[in-house]
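Take a look at the structure below.
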Amino acid sequence: MSATTASAVPRAGSPGRRALQRFLKHRLAVLGLAVVLLFVLAAVLAPLIAPYDPIATSWSRIRRPPSELYWFGTDENGRDVFSRVIWGARASLMAGALSVTAALLLGVPFGLLAGLAGGWVDTIISRITDAMLSVPFLILAIALAAFLGPALENAMLAIAISASPIFVRLARGMAMEAKTTEWVEAARSLGNPPWRIALLHVLPNIVPPLLVQATLSIAEAIIAEASLSFLGLGQQPPNPSWGSMLNAAQRFLTQAPWMAIYPGLAIFLVVLAFNLLGDGLRDALDPRARGR
Amino acid sequence: MSGTTLEVLDLTVTFATERGPLRVLDGISFGLPTGRTVALVGESGCGKSVASLAVMGLLPPSAAVTGTIGLEGREIAELPPEERRKLRGAELAMIFQEPMTSLNPAFTAGDQVAEALRLHQGLDRGTAMRAAVAMLEAVRIPEAARRARQYPHQLSGGMRQRVMIAMALACRPRVLIADEPTTALDVTVQAQILSLLDELRGGTGTAVLLITHDLGIVADHADEVVVMYAGRVAERGPVARVLSTPQHPYTVGLLGAAPRLDGPRGTRLATVEGTVPDLADPPEGCRFKTRCPFRIAICDTKPPLYDVGAGHRAACHRAPLEQILEAA
């Protein structure tokens, strides 16, 4: 999930090791990580954990309140809400992780290019970025998703495009800062070609802030996916998604509040967890920002 | 071991600025004899660093460079950028003033030394790393194998500068430009680093261009010296001659401003009166005339580099200065 855990065992004294130590001291962030991992586990193991088929309807158990048999109750078509919340984690986490990965792949190269090349290249990329950032994130995602057509893949693409300008701007700013450092000058004096400077010298140094932003962006992307699904632009019925479950639940808020409470709680928890994780990563990876 | 490794002729650098073209270097010429150290001295803003960046080919595209830069008889100023890039690190190398910030914080010392070798000699990771450790040993880093695995923040300033030198010399370049390599270091470490450079230069025949404003360093470590003033060469020649019998009033002023242990106690250090001219609007003729105590009418025309004997040249109409100095 994060670079600190991805790079196996960081070498003693390496930036990764020191960041890991700082991260582990941050209790709320560790809690956030635990909740995130819990949801990831639920999503991956959904077929094993979910007690019922999330799609199979049954007229004999419509809108049952939570019980020992149906922990989170059942919905208007007799489907088990607990099973649907578990399976819905797949759609939400996938939408979050995949769309943010795509946004990184889209935004970071343009940001590096703009920051390092400067001149008219920078002007063009920056103005497009500004234009995209001037439209609220969710509005842009809804507009793109409506244009692409209702499907989970299209929703993810729409979210990825809407989330990318923040990475362009972040990478550009960091690259401009790095460009003036003596170590970039030293890398140039060793005969590094521009692409090596960008990818091998500048990029590794700007990973920490990108990682923090990516974590926070996943939280936003999950909300966006839920919103698009709520509006019918994301996950299509009968496949479970927290957003579409909320949409179905609003008609039965008084009769069957559990239909809304559990998917809502899931969204709340996972978004909170990603935010806590992001804050913790920021404190761990950027010592300058600590003690706020 | 004789001959000239680097020959710079009539190098002019002009920056396009909002106020119009700014000629930062105005036709400077100097040579780097093989295996020798030439010091480039002058105050901040005189063009020392621009000259070194021009030789490296590291000036931004907004800088217009004219003149010739000959590397072992090969003209390199006009080479396409890609060819210039291949020279950097392989034939021309540079070390910087600030060892604290000139290493990439995200990589180990060994990785950074190995990079030059992988880049120019196509070595694989393992071979390059072993060569890097050998290089770190060559720059006298104790426990080189262990240090190679450490990150810049774990190394002291002197250690980092040694790593920089190892990076720069890894491919045995013909020319090493050292831009104030010891300004940021303790005096004791300073001496060690400079002796190390002298020693490595002797071993590889690398010509060193040492940029500094410390005349003590010039006296101890350079063979020749080029004194620059406001984008021009004021005076150049063998160190012993230039420092003992300076032939340009600016050099005389600089020497007067250098603290000495053998001078009488309690004397104030001399200063060069006035300020450096604005390069956007330089004075006609000699650029030092506004601050020169020996100024005469002819100083309104640009002085050539007069030959004052034994490879010693001075851009002063009044050179040789001995009679004037004695009279003063």
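If you read the sequences in order, they're chains H and B.
Following my numbering, the numbering of the first sequence begins with 25 at its first residue and continues without gaps.
Following my numbering, the numbering of the second sequence begins with 5 at its first residue and continues without gaps.
Note that CB positions come from ideal geometry on N, CA and C, so glycine has one too.
Everything numeric in this text was worked out from a predicted model, so none of it was measured.
Any chain B beta carbon closer than 8 Å to residue i
i: residue 233/H; result: no
i: residue 207/H; result: yes
i: residue 211/H; result: yes
i: residue 263/H; result: no
i: residue 44/H; result: no
i: residue 26/H; result: Unreliable positioning characterises residue 26/H in this predicted model, as indicated by a pLDDT of 42, which lies under 50. The coordinate reading is nonetheless provided below. Chain B, which has no Cβ nearer than 8 Å to the Cβ of residue 26/H, makes this no.
i: residue 38/H; result: yes
i: residue 32/H; result: Residue placement at residue 32/H cannot be trusted, given a pLDDT of 46 that sits under 50; what the coordinates show is reported in the next sentence. Cβ-Cβ to chain B under 8 Å: no for residue 32/H.
Rounded C-alpha distance that separates residue i from residue j
i: residue 115/H; j: residue 241/H; result: 16 Å
i: residue 62/B; j: residue 205/H; result: 14 Å
i: residue 39/H; j: residue 110/B; result: 7 Å
i: residue 81/B; j: residue 27/B; result: 17 Å
i: residue 173/B; j: residue 92/B; result: 11 Å
i: residue 44/B; j: residue 237/B; result: 10 Å
i: residue 113/H; j: residue 308/H; result: 28 Å
i: residue 169/B; j: residue 162/B; result: 11 Å
i: residue 97/H; j: residue 145/H; result: 56 Å
i: residue 134/B; j: residue 56/B; result: 31 Å
i: residue 223/H; j: residue 47/H; result: 26 Å
i: residue 165/H; j: residue 178/B; result: 57 Å
i: residue 106/B; j: residue 73/B; result: 26 Å
i: residue 328/B; j: residue 202/H; result: 52 Å
i: residue 35/B; j: residue 157/H; result: 54 Å
i: residue 117/B; j: residue 277/B; result: 45 Å
i: residue 326/B; j: residue 10/B; result: 32 Å
i: residue 246/H; j: residue 169/H; result: 15 Å
Coarse secondary structure for residue i, derived from DSSP in three states
i: residue 94/H; result: coil
i: residue 308/H; result: helix
i: residue 210/H; result: helix
i: residue 132/H; result: helix
i: residue 336/B; result: There is simply no residue 336/B to check, as chain B begins at 5 and stops at 332 in what is shown.
i: residue 232/B; result: strand
i: residue 109/B; result: coil
i: residue 78/B; result: strand
i: residue 57/H; result: helix
i: residue 310/B; result: strand
i: residue 319/B; result: coil
Residue i burial status per 10 Å Cβ neighbour count (16 or more: buried)
i: residue 298/H; result: buried
i: residue 221/H; result: buried
i: residue 275/H; result: exposed
i: residue 260/B; result: exposed
i: residue 207/H; result: buried
i: residue 70/B; result: exposed
i: residue 218/H; result: exposed
i: residue 313/B; result: exposed
i: residue 49/H; result: exposed
i: residue 107/H; result: buried
i: residue 171/H; result: exposed
i: residue 251/B; result: buried
i: residue 68/H; result: exposed
i: residue 157/B; result: exposed
i: residue 66/B; result: exposed
C-beta neighbour in chain H for residue i, strict 8 Å
i: residue 255/B; result: no
i: residue 294/B; result: no
i: residue 124/B; result: yes
i: residue 171/B; result: yes
i: residue 98/B; result: yes
i: residue 161/B; result: no
i: residue 94/B; result: yes
i: residue 155/B; result: yes
i: residue 333/B; result: It is not possible to answer for residue 333/B, since the shown part of chain B is limited to 5 through 332.
i: residue 102/B; result: yes
Chain H contacts from the stretch 106-120 of chain B (Cβ-Cβ distance under 9 Å) = 106, 107, 108, 109, 110, 111, 112, 116, 119, 120
Please name the residues in the stretch 301-312 of chain B whose beta-carbon is closer than 7 Å to at least one beta-carbon of chain H, in chain order.
-> none
Could you name the residues of the stretch 215-233 of chain H whose beta carbon sits closer than 7 Å to any beta carbon of chain B, in the order they occur along the chain?
-> 215, 216, 217, 225, 228, 229
Residues of the stretch 52-70 of chain B with a CB closer than 7 Å to any CB of chain H: list them in chain order, please.
-> 60, 62
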